[in-house]
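Colleague: Read left to right, the sequence shown gives residues 1 to 134 (UniProt numbering).
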Amino acid sequence: VKVKGQVAEMARCLLDPDSRISAHARLFFSEFAKKGSAPVYNLLPDIMSSLSADSSLGTEGFHEVMGFLIGFIQKDRQCEAMVEKLCARFSMSDDVQHHRDVAFCVGALQHTERSVRKLAELIKTYADTLTDDE
1 VKVKGQVAEM ARCLLDPDSR ISAHARLFFS EFAKKGSAPV YNLLPDIMSS LSADSSLGTE
61 GFHEVMGFLI GFIQKDRQCE AMVEKLCARF SMSDDVQHHR DVAFCVGALQ HTERSVRKLA
121 ELIKTYADTL TDDE
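1) When you compare the CB positions of M48 and M66, do they come within less than 8 Å of one another, or not?
2) Check this for me: beta carbons of E84 and K35, under 8 Å apart or not?
3) Using a threshold of 8 Å, state whether the C-beta atoms of L69 and V40 are closer than that.
4) Just to check my reading of the structure: T125 and D76 have Cβ atoms closer than 8 Å, yes? What is that Cβ distance to the nearest angstrom?
5) Check whether the Cβ atoms of D16 and A25 lie closer than 8 Å to each other.
6) Once DSSP output is grouped into helix, strand and coil, what is the label at V1?
7) Using C-beta distances below 6 Å, list every residue in its chain close to C105, excluding the 5 sequence neighbours before and after it, in chain order.
8) Could you tell me if A11 is buried or exposed, where buried requires 16 or more neighbouring beta carbons within 10 angstroms of its beta carbon?
9) May I have a chain-ordered list of the alpha helix (DSSP H) segments no shorter than 4 residues that lie completely inside the UniProt domain "Condensin complex subunit 1 C-terminal" (1-106)?
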């Protein structure tokens, strides 16, 4: 099974109304995060883009899923690199909701002084989206 193609579907299961399914999805990501070289970190931008494109998920659902997954980013350098990866996603769409979703993910990270500096350096990637009232 290729993880990249299925992991966003697994992330959607975190919101399943059947508590057994959502609990198993949480367990899956908790165990998956312990494997090798930070698999949740590596897949997070693709999961974010996939979930952002899914209008059936809703804003609250998106925030719940991504907030849970972002919690697996523990290392300072991963946070710094994730800022860069997520900021690159602003230019991938003109959709306001996509920009809001990316901004939520950037804001949900456990920022360090260096990640905030990185965010300031990358202002050109998201400056045009700052006019959104939300």
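Ideal placement from N, C-alpha and C gives every residue a C-beta, glycine not left out.
Modeller: With the structure as the only source:
1) By 1-based counting over the sequence shown, the position of residue 48 is 48. By 1-based counting over the sequence shown, the position of residue 66 is 66. For M48 and M66, yes; Cβs fall inside 8 Å.
2) Counting from one through the sequence shown, the residue named residue 84 turns up at place 84. Counting from one through the sequence shown, the residue named residue 35 turns up at place 35. For E84 and K35, no; Cβs fall outside 8 Å.
3) Within the sequence shown, residue 69 is the residue found at index 69, counting from 1. Within the sequence shown, residue 40 is the residue found at index 40, counting from 1. Yes, these two residues count as a Cβ contact at 8 Å.
4) Numbered from 1 along the sequence shown, position 125 holds the residue referred to as residue 125. Numbered from 1 along the sequence shown, position 76 holds the residue referred to as residue 76. That belief does not hold up - the Cβ atoms of T125 and D76 are roughly 21 Å apart, past 8 Å.
5) Here residue 16 corresponds to residue number 16 of the sequence shown, with the count starting at 1. Here residue 25 corresponds to residue number 25 of the sequence shown, with the count starting at 1. Closer than 8 Å, so yes.
6) Within the sequence shown, the letter at position 1 stands for residue 1. Because V1 sits at a pLDDT of 47, beneath the cut-off of 50, its placement in the model cannot be relied upon, and the following sentence gives the value as read from the coordinates. Three-state result, V1: coil.
7) Looking up residue 105 in the sequence shown gives position 105. Cβ within range, chain order: M48, M66, L86.
8) On the sequence shown, position 11 is the one that residue 11 refers to. A11 is buried by the Cβ-count criterion.
9) 3-12, 19-32, 39-52, 58-70, 76-89
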